[in-house]
Amino acid sequence: MKPNTKKQIHPPTGWGQVMDIANPSEEHQMLRDMVRDFVNENVEPQALEFDRDEKFNLDLLRSLGELGLLGITASEEYGGSGLDAVATVIVHEELSASDPGFALAYLAHSMLFVNNLEFNGSDEQRSRILPKVCSGEWIGAMAMSEPDAGTDVLGLSTTADQREDGSWVINGRKMWITNGCIDDEGTAADVVWVYARTGTNSKGRAELSTFLVENGMPGYSVGQKIIDKTGMRASNTAELVFEDCVVPAANLVGQVGDSMIHMMRNLEIERLTLAAMSLGIARRSLHEMNKYATEREAFGSRIRDFGQMQRYIGESWAKYRAMRSYIYDTANNMGLGNAGQRLDSDGVKLFATTAAKEIADAAMQVMGGYGYVAEYVVERLWRDSKLLEIGGGTIESHQKNITRDLSKSPEVIND
Ligand SMILES: Cc1cc2nc3c(=O)[nH]c(=O)nc-3n(C[C@H](O)[C@H](O)[C@H](O)COP(=O)(O)OP(=O)(O)OC[C@H]3O[C@@H](n4cnc5c(N)ncnc54)[C@H](O)[C@@H]3O)c2cc1C
């Protein structure tokens, strides 16, 4: 059959204007440009050294406060920038394309603490604490995981008991807490969002409540900085200890036993931004492998002319574009203040984290021995990418959640 060259389909007015899903407005594009410039000038030059020395660049994180990035989703009246989910994805993508370890420290502060407080704290708590964390005066963290409970969050054993004067006493240990300590001397984060068990419901399940624990409160300390991590070495990970830690009544967030609601709400933005970090890793890996494949010659040809190299590059491009579309599509549809995006926040993280790991691996293969050393960047991205399949929910937990949600709402498949 010959193609019909006479008939033309006339597109409706507006066609031809390409909508960039990753930069849906001029403001988003300006934000991306600003962060990219900042990254080139300030993040990229320190990335290799801080990874090698397993050190967290506290001053660099604080400096993001001046750009309005630490409180990116927080209200402007409390020093935040009041931006949306797409903006958070842009910032995490750009930071992670250079330094995923640093980006993880940023995520722990701005998403796990600041965003959580913005949407779940009381006006009094927000007005008291947000200005400090938005400016970078205080560094925040979120403590859910424990030595004996990670995926099984209802199995956590840290307890909080209320005293007669209304204050609370917390006992337990938290594990793997990003920003849990902010230096090598074991200085604790200024403020931690802590989940603790405050009771058991009629079905025998744990009731969880949230407490804002501030540095200096008696009984709160750093157990250890966790060293020798595979990747994300430019972020500090710590064990936290709460030993008869006394927290005033004013630092209980929401109602007693209500934390599952806000935990689930904040997990959605956490998973989306972890997926955005994967996107940054994928983009940079693709950039490096593409460049190397053009410059490197073997057997009298550029290695990009070999079919096996083309498979690495071609498949990486397609995966990168697919993750980019899915992540920004999800971000464009995500309202920050309410839950309801779990299917896709799990979906983007499930897909993007493994895709990023595979793309970093392809880059290393294309770059041969050079890909295996730090100076050529991708070995760091390769190591960093693995954490994203574990932190903020393992890929197995995403598979489980997606399957459960699709059984409850099968109609979404055909929507
Ligand atoms: C560098 C780093 C930074 C982190 N930062 C933070 C942080 O800031 N705050 C915080 O609270 N936590 C943090 N975490 C903890 C992280 O979220 C947990 O490691 C993660 O949730 C997994 O928990 P786990 O390590 O206890 O593994 P487990 O839950 O013990 O899982 C072990 C394995 O069992 C599988 N598994 C468990 N249950 C099931 C099931 N029902 N079905 C199928 N498979 C299952 C898991 O998928 C996994 O493969 C961090 C971890 C790391 C390594």
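FYI, in our numbering the residues of the sequence shown are 9 to 423.
Yeah, the Cβ is synthetic: ideal placement off N, Cα and C, and Gly gets one too.
Select from Phe64, Asn128, Ser153, Arg304 the residue whose C-alpha is nearest the C-alpha of Met317.
Residue 317 sits at position 309 when you count from the first residue of the sequence shown. Residue Arg304 is the option with its Cα nearest to Met317.
Coarse secondary structure for Ser89, derived from DSSP in three states
Residue numbering aside, residue 89 sits at position 81 when the sequence shown is read from its first letter. In this structure, Ser89 counts as coil in the three-state DSSP scheme.
To which residues does DSSP link Val420 through a beta bridge?
Within the sequence shown, the letter at position 412 stands for residue 420. Val420 is not bridged to any residue.
With distances taken Cα to Cα, identify the nearest neighbour of Asp131 among Ser153, Ala151, Gly262, Glu62.
Locating residue 131 in the sequence shown gives position 123, where the first residue counts as 1. Selected option, being the one with the closest Cα: Gly262.
Reducing DSSP to helix, strand and coil, say where Arg171 ends up.
In the sequence shown, counting from the first residue as 1, residue 171 sits at position 163. Arg171 falls in the coil class under three-state DSSP.
Beta-carbon proximity check, Glu126 vs Thr186, cutoff 8 angstroms:
Position 118 of the sequence shown, counting from 1, holds the residue named residue 126. Position 178 of the sequence shown, counting from 1, holds the residue named residue 186. Contact flag unset, no.
Can you check whether the CB of Ala368 is closer than 8 angstroms to the CB of Ile311?
The residue you call residue 311 lines up with position 303 of the sequence shown. The residue you call residue 368 lines up with position 360 of the sequence shown. Taking 8 angstroms as the Cβ cut-off, Ile311 and Ala368 do not qualify as a contacting pair.
Nearest to Tyr300 by alpha carbon, out of Arg329, Tyr320, Glu397?
Counting from 1 along the sequence shown, the entry for residue 300 is found at position 292. That would be Tyr320, whose Cα lies nearest to the Cα of Tyr300.
Just to confirm my understanding: we take Met268, look at its own chain, exclude 5 residues before and 5 after, and list those with CB closer than 7 angstroms. What are they?
Counting from 1 along the sequence shown, the entry for residue 268 is found at position 260. The answer, listed in chain order, is Leu216.
Can you list the beta strand (DSSP E) stretches of 3 or more residues lying completely in the stretch 195 to 260, in chain order?
199 to 208, 214 to 222, 228 to 233, 245 to 255
So, for Glu35: in the same chain, excluding its five sequence neighbours on each side, which residues have a beta-carbon less than 6 angstroms away from its beta-carbon?
Start at 1 with the first residue of the sequence shown, and residue 35 comes out as number 27. There are no such residues.
What does a CB cutoff of less than 6 angstroms around Glu85 pick up in its chain, not counting 5 residues either side in sequence?
Residue numbering aside, residue 85 sits at position 77 when the sequence shown is read from its first letter. Cβ neighbours of Glu85 beyond the five flanking positions: none.
Rounding to the nearest angstrom, what Cα-Cα distance links Ile147 and Asp236 in this structure?
Along the sequence shown, read from residue 1 onward, the residue named residue 147 stands at position 139. Along the sequence shown, read from residue 1 onward, the residue named residue 236 stands at position 228. The straight-line gap from Cα to Cα measures roughly 23 angstroms.
CA nearest to the CA of Cys253, picked from Trp201, Thr362, Ala168:
The residue given as residue 253 occupies position 245 in the sequence shown. Nearest of Trp201, Thr362, Ala168 to Cys253, Cα basis: Ala168.
C-alpha distance - Phe110 paired with Leu396, whole-angstrom precision:
Residue numbering aside, residue 110 sits at position 102 when the sequence shown is read from its first letter. Residue numbering aside, residue 396 sits at position 388 when the sequence shown is read from its first letter. C-alpha separation (whole angstroms): 14 angstroms.
According to DSSP, simplified to helix, strand and coil, what is Met342?
For the purposes of this step, residue 342 is taken as the residue at position 334 of the sequence shown. Coil at Met342, not helix or strand.
Which residue wins for smallest C-alpha separation from Ala151, given the options Thr166, Cys142, Val141?
Here residue 151 corresponds to residue number 143 of the sequence shown, with the count starting at 1. Nearest option by C-alpha distance: Thr166.
Do Lys357 and Arg279 count as a contact pair if the criterion is CB distance below 8 angstroms?
Taking the sequence shown and counting its residues from 1, one reaches residue 279 at position 271. Taking the sequence shown and counting its residues from 1, one reaches residue 357 at position 349. The answer is yes: Cβ separation under 8 angstroms.
If you count every other CB in all the chains shown that lies within 10 Å of the CB of Pro20, and 16 or more means buried, which is it?
Along the sequence shown, read from residue 1 onward, the residue named residue 20 stands at position 12. For Pro20, the predicted structure reports a pLDDT of 49, less than 50, and the residue's modelled location is therefore unreliable. A value from the coordinates is still provided. Exposed, because fewer than 16 other Cβ atoms sit within 10 Å of the Cβ of Pro20.
Ignore the nearest five residues each way along the sequence and tell me which others in Arg332's own chain have a CB closer than 7 angstroms to its CB.
As a working note, residue 332 is residue 324 in the sequence shown. Sequence-distant Cβ neighbours of Arg332 in its own chain, meaning closer than 7 angstroms and more than five residues away, are Ala30, Leu287.
So, using beta-carbon positions, are Glu296 and Val385 closer together than 8 angstroms?
Taking the first residue of the sequence shown as position 1, residue 296 is located at position 288. Taking the first residue of the sequence shown as position 1, residue 385 is located at position 377. Contact flag set, yes.
Please report how far the alpha carbon of Ile17 lies from the alpha carbon of Ser33, in whole angstroms.
Locating residue 17 in the sequence shown gives position 9, where the first residue counts as 1. Locating residue 33 in the sequence shown gives position 25, where the first residue counts as 1. Because Ile17 carries a pLDDT of 46, less than 50, the predicted location of this residue cannot be relied on, and no value is offered for it.
Alpha-carbon to alpha-carbon, Leu351 and Ser415:
Indexing the sequence shown from 1 puts residue 415 at position 407. Indexing the sequence shown from 1 puts residue 351 at position 343. Computed Cα separation, rounded: 11 angstroms.
Look at the Cβ atom of Ala258, then the Cβ atom of Ala197, and state whether they are nearer than 8 angstroms.
Within the sequence shown, residue 258 is the residue found at index 250, counting from 1. Within the sequence shown, residue 197 is the residue found at index 189, counting from 1. The answer is no: Cβ separation not under 8 angstroms.
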